[in-house]
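For reference, the structure is listed below as structure tokens.
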Amino acid sequence: MWDLEMQNTPLDPVEIQTLESYTKKLQEAKDKGDEYAEGHAYHDIGMFYYEHEDYEEAIKYHEQHLKIAKIRGERDQERRAYNNLTDCHDKRRDYKKCIKYDQILARIAKNAGEKEEEARLYRRLGFSCYNLEEYERAIGYLQHALDVSKAVKNRDEERRACKNLLACYDELKDYNESIKYGEHLLHMAEKEDDKDEQGVQYGNLGFFYFELDEVKKAIDCHLECLRIAKERQNFDEECRAINNLIGCYEEINDYKQIIKYTRQLVVIAKEKGDSLKEEQLYGDLEIYYVNLTLCNGRETSLAVVEETSDIREQQLVSNVLKLLEENGENQSGKYLFLIIMIIVFVIVFVIIMVIFFAIVVFSSFLPLSWSF
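Structure below.
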């Protein structure tokens with residue numbers, strides 16, 4: 001009995017007609033004993049269910065297709081069925097089954113000397129292991145995929161393998177290896193003049209250098225990422241690069257630079273009409289000016305705010321300086337009171353000690369009969 005509801009998603013009349021046509025062909029092939037046509041019918045029905053996201057049903061038909069392909073010794077159809085089964089299990093996130101079928105396909109491709117297909121399948125094996133969090137195993141497959149794709153000069157597979165290797169080493173927190181593959185990807189992007197990919201890889205490298213506490217190198221990478229994002233008018237990447245730069249400068253307490261880049265975010269928020277983000281950023285600026293004043297002094301904050309024509313920022317700095325000045329006076333009064341109390345305590349202590357020693361000395365001169 002055919003499932004025309006497709007997991008509670010009703011089919012439209014055209015889809016019902018298509019499925020009925022496939023099932024009719026399957027039945028006719030069975031009646032005639034035509035295994036070739038039967039195999040193709042199983043494939044077509046499996047693909048129909050796959051496209052309608054009913055992967056359980058799709059798997060049943062692809063398994064039947066595989067069974068017939070094996071009986072008939074049809075190598076191409078066998079591989080086709082394995083690929084379709086891998087796709088279905090991938091959608092179901094059953095990565096162990098994906099590995100099972102891709103290992104068979106990789107072995108077939110390797111024996112057939114099909115290097116590009118071998119590279120693709122080893123990369124896919126690496127991806128499945130990555131999803132199972134088996135990163136060391138994934139790296140083994142991906143490194144093989146990279147070596148083969150380089151040998152056959154398949155740039156697309158080379159790029160994909162590098163990106164997956166970078167992701168594995170990132171998960172393992174081996175940032176030196178991540179940098180190695182990030183630089184390789186950057187070099188490829190530069191040779192192909194792919195500006196967007198260059199920006200992505202500069203951002204990745206900046207992150208890895210930051211994690212290694214190499215803040216200066218991280219800043220250089222994020223500056224390149226920002227330059228490319230501005231050139232490409234990619235506002236999302238621009239904001240990401242600026243936020244990364246702010247994170248780097250926070251690490252070294254360079255509040256002048258932090259304020260400089262926060263101002264840029266304010267401008268972007270205003271251009272987008274994002275009032276909530278704008279309010280948040282002005283709040284951040286207030287905190288940064290407090291820290292700048294405490295670390296570098298009032299005159300530095302005044303010099304920095306002179307660089308902007310933003311009236312709200314100017315007012316914000318004025319309020320910050322006034323508040324800090326008032327707090328400073330209050331703190332001075334508290335410190336003065338504390339000093340006076342300490343002085344009084346010391347004086348009282350000294351007087352008590354003088355009296356004590358006077359009694360001791362006087363007692364030493366008394367006749368023995370006076371002693372207590």
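Just so we're aligned, residue 1 is where the sequence shown starts under UniProt numbering, counting upward by one. Virtual Cβ for every residue (Gly too), placed ideally from N, Cα, C. Fair warning: this is a prediction, and the values are worked out from it, not measured in the lab.
How many angstroms separate the CA atom of Leu294 from the CA atom of Tyr175?
-> Translated into positions along the sequence shown, residue 294 becomes position 294. Translated into positions along the sequence shown, residue 175 becomes position 175. Roughly 35 Å separates the two Cα atoms.
With DSSP collapsed to three states, give me the class of Gln233.
-> Walking along the sequence shown from the start, residue 233 turns up at place 233. The answer is coil: DSSP assigns Gln233 none of H, G, I, E or B.
Cutoff 7 Å; reference Ile109; Cβ partners in own chain excluding five residues on either side = As a first step, residue 109 must be located in the sequence shown, where it is residue number 109. Correcting the residue identity first, residue 109 is Ala in this sequence and not Ile. Around Ala109: Glu117, Glu118, Leu121.
Identify whether Gln331 lies in helix, strand or coil by the three-state DSSP scheme.
-> Taking the first residue of the sequence shown as 1, we reach residue 331 at position 331. With a pLDDT of 45 at Gln331, under the threshold of 50, the modelled position of this residue cannot be trusted; read the value that follows with caution. Here Gln331 sits in helix by DSSP.
Proximity to Ala167 [Cα-Cα], best of Glu158, Tyr181, Asn154 | The count along the sequence shown starts at 1 and reaches residue 167 at position 167. Ranking Glu158, Tyr181, Asn154 by Cα distance to Ala167 puts Tyr181 first.
Could you tell me which of Pro13, His43, Leu172, Ile351 sits nearest to Lys25, measuring between CA atoms?
-> Taking the first residue of the sequence shown as position 1, residue 25 is located at position 25. Closest by alpha carbon: His43.
Since Ser128 and Cys98 are thought to touch, with beta carbons under 8 Å apart, how far apart are those beta carbons, to the nearest angstrom?
-> Here residue 128 refers to the residue found at position 128 when the sequence shown is read from its first residue. Here residue 98 refers to the residue found at position 98 when the sequence shown is read from its first residue. Yes, Ser128 and Cys98 are in contact; Cβ-Cβ is about 4 Å, under 8 Å.
In chain order, what residues of the same chain have a beta carbon less than 7 Å from the beta carbon of Ala189, not counting five sequence neighbours either side?
-> As a position in the sequence shown, residue 189 is number 189, starting the count at 1. Same-chain partners within the cutoff: Glu197, Gln198, Gln201.
Between the CA atoms of Tyr141 and Glu238 - distance to the nearest angstrom = The residue given as residue 238 occupies position 238 in the sequence shown. The residue given as residue 141 occupies position 141 in the sequence shown. So the alpha carbons of these two residues sit roughly 35 Å apart.
N-terminal and C-terminal residue of the alpha helix (DSSP H) that Glu177 is part of = Residue numbering aside, residue 177 sits at position 177 when the sequence shown is read from its first letter. 175-191 is the extent of the alpha helix (DSSP H) around Glu177.
In three-state DSSP terms, what is Arg123?
-> One-based indexing of the sequence shown puts residue 123 at position 123. Correct three-state label for Arg123: helix.
What runs of the alpha helix (DSSP H), each 4 residues or longer, lie entirely inside the region 267-325?
-> 275-296, 298-305
Based on Cα-Cα distance, which residue from Glu15, Val348, Ser275 lies nearest to Phe48?
-> Taking the first residue of the sequence shown as position 1, residue 48 is located at position 48. Per the Cα distances, Glu15.
Among Tyr50, Cys162, Lys100, Gly46, nearest to Asn204 - alpha-carbon criterion = Residue numbering aside, residue 204 sits at position 204 when the sequence shown is read from its first letter. When each option's Cα is compared against that of Asn204, the closest is Cys162.
Assuming Gly39 and Tyr61 make a contact with CB atoms under 8 Å, what is their CB distance in whole Å?
-> On the sequence shown, residue 39 is found 39 positions in, with the first residue counted as 1. On the sequence shown, residue 61 is found 61 positions in, with the first residue counted as 1. Wrong, their Cβ atoms sit about 10 Å apart, outside the cutoff.
Boundaries of the alpha helix (DSSP H) in which Arg137 is found, first to last residue | By one-based count along the sequence shown, residue 137 stands at place 137. Where Arg137 is concerned, the enclosing alpha helix (DSSP H) stretches over 135-151.
Leaving out five residues on either side along the sequence, give the residues of the same chain with a beta carbon under 6 Å from the beta carbon of Cys225.
-> Numbered from 1 along the sequence shown, position 225 holds the residue referred to as residue 225. So the qualifying residues of the chain are Gly199, Tyr202, Gly203, Ala241.
Take Val320 and list the residues in its own chain whose beta-carbon comes closer than 8 Å to its own, dropping the five residues that flank it on each side.
-> Residue numbering aside, residue 320 sits at position 320 when the sequence shown is read from its first letter. If we look at Val320 and ignore the five residues flanking it on each side, its Cβ neighbours are Glu286, Tyr289, Val290, Thr293, Ser301.
Taking buried to mean at least 16 other C-beta atoms within 10 Å of its own C-beta, is Tyr335 buried or exposed?
-> Numbered from 1 along the sequence shown, position 335 holds the residue referred to as residue 335. For Tyr335, the predicted model reports a pLDDT of 48, less than 50, meaning its position is unreliable and no value from the coordinates is stated.
Please classify Phe210: is it buried, with 16 or more other beta-carbons within 10 angstroms of its beta-carbon, or exposed?
-> To locate residue 210, count along the sequence shown from 1; it is residue 210. It is buried - the Cβ of Phe210 has at least 16 other Cβ atoms within 10 Å.
Closest by C-alpha distance to Gln103, when choosing among Asp94, Lys115, Arg124, Asp236 | For the purposes of this step, residue 103 is taken as residue 103 along the sequence shown, with counting starting at 1. Here the closest residue by C-alpha is Arg124.
Residue span of the alpha helix (DSSP H) that contains Asp94, given as start and end = Along the sequence shown, one-based indexing puts residue 94 at 94. No alpha helix (DSSP H) contains Asp94, which DSSP labels as neither H nor E.
Have a look at Ile179 and Lys115 and give me their C-alpha separation to the nearest angstrom.
-> Here residue 179 refers to the residue found at position 179 of the sequence shown. Here residue 115 refers to the residue found at position 115 of the sequence shown. So the two alpha carbons sit approximately 27 Å from each other.
N- and C-terminal bounds of the alpha helix (DSSP H) containing Leu205 = Locating residue 205 in the sequence shown gives position 205, counting from the first residue. Looking at the DSSP string, the run of the alpha helix (DSSP H) that includes Leu205 is 195-211.
Lys30 versus Glu57 - alpha carbon distance = Taking the first residue of the sequence shown as position 1, residue 30 is located at position 30. Taking the first residue of the sequence shown as position 1, residue 57 is located at position 57. Cα-Cα distance, rounded: 19 Å.
Burial state of Asp90, where buried means 16 or more other Cβ atoms lie within 10 Å = For this step, residue 90 is matched to residue 90 along the sequence shown. Its Cβ being crowded by 16 or more others within 10 Å, Asp90 is buried.
With 16 other CB atoms within 10 Å as the buried threshold, where does Phe208 fall?
-> Taking the first residue of the sequence shown as 1, we reach residue 208 at position 208. The residue is buried, with at least 16 neighbouring Cβ atoms inside 10 Å.
Please say whether Asn83 and Tyr101 have beta carbons closer to each other than 9 Å?
-> Along the sequence shown, one-based indexing puts residue 101 at 101. Along the sequence shown, one-based indexing puts residue 83 at 83. In this structure, Asn83 lies closer than 9 Å to Tyr101 by Cβ.
Pull up the distance between the alpha-carbon of Ser275 and that of Lys230, whole angstroms please.
-> If you number the sequence shown from 1, residue 275 lands on position 275. If you number the sequence shown from 1, residue 230 lands on position 230. Rounded to whole angstroms, Ser275 to Lys230 spans 22 Å at the Cα level.
Around the Cβ of Asn111, are there at least 16 other Cβ atoms within 10 angstroms (buried) or fewer (exposed)?
-> For the purposes of this step, residue 111 is taken as the residue at position 111 of the sequence shown. Looking at its Cβ environment, which holds fewer than 16 other Cβ atoms inside 10 Å, Asn111 is exposed.
Got a sec, what are the start and stop residues for the alpha helix (DSSP H) Ile45 sits in?
-> As a first step, residue 45 must be located in the sequence shown, where it is residue number 45. It spans 35-51 - the alpha helix (DSSP H) in which Ile45 sits, taken as one unbroken run.
Given a threshold of 16 other Cβ atoms within 10 Å of its Cβ, counted over all protein chains shown, does Leu185 qualify as buried or as exposed?
-> On the sequence shown, residue 185 is found 185 positions in, with the first residue counted as 1. So Leu185 ends up on the buried side.
Distance CB(Lys256)-CB(Val304) smaller than 9 Å = The residue given as residue 256 occupies position 256 in the sequence shown. The residue given as residue 304 occupies position 304 in the sequence shown. Going by C-beta atoms, Lys256 is nearer than 9 Å to Val304.
What first and last residue would you give for the alpha helix (DSSP H) that runs through Leu19?
-> Taking the sequence shown and counting its residues from 1, one reaches residue 19 at position 19. Start and end: 13-32.
Count the other CB atoms, across all protein chains shown, that sit within 10 Å of the CB of Gly126; report buried if there are 16 or more and exposed otherwise.
-> In the sequence shown, the residue the question calls residue 126 occupies position 126. Per the 10 Å Cβ criterion, buried.
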